[in-house]
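Following: one structure in structure tokens, then a few remarks.
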Amino acid sequence: MEDRWLSVDEIGQYLGISSDTVYRWIEKQAMPAHRMGRLWKFKKNEIDGWVKSGGAADPNMKDSRQ
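According to my numbering, the stretch in the sequence shown is residues 2 to 67, in order.
Now the structure itself:
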């Protein structure tokens, strides 16, 4: 049962961020989330891929490697 849907609080805890940040990332940074009624749910493997592809990067921060 490891491949279960995670809640906003659970995905925030997994990533070490607040639930407010989760909601902001859904809205502004296309965080992969699925609406189930009034609740947002997440698949851990989708979130891992999104983070690895740079989805969680702050668009306001400049790349220091330039």
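All C-beta atoms in this analysis are idealised placements derived from N, C-alpha and C, irrespective of residue type, glycine included.
Practice task
Just the C-alpha distance for tryptophan 26 and proline 33, rounded to the nearest angstrom, thanks.
Solution key: By one-based count along the sequence shown, residue 26 stands at place 25. By one-based count along the sequence shown, residue 33 stands at place 32. About 9 Å.
Exercise for the section: Tell me methionine 37's beta-bridge partners as DSSP assigns them. Expected result: As a position in the sequence shown, residue 37 is number 36, starting the count at 1. As a beta-bridge residue in DSSP terms, methionine 37 pairs with Leu40.
Handout entry: Opposing strand residues paired with leucine 7 [DSSP bridges]
Key = Residue mapping note: residue 7 aligns to position 6 of the sequence shown, counting from 1. Partner(s): Phe43.
Exercise for the section: Alpha carbon to alpha carbon, how far is leucine 7 from aspartate 21? Give it in angstroms, no decimals. Expected result: As a first step, residue 21 must be located in the sequence shown, where it is residue number 20. As a first step, residue 7 must be located in the sequence shown, where it is residue number 6. About 16 Å.
Practice task
Say whether chain D places a C-beta atom closer than 9 Å to the C-beta of glutamate 47.
Solution key: As a matter of chain content, chain D is missing from the structure shown, which is built from one protein chain.
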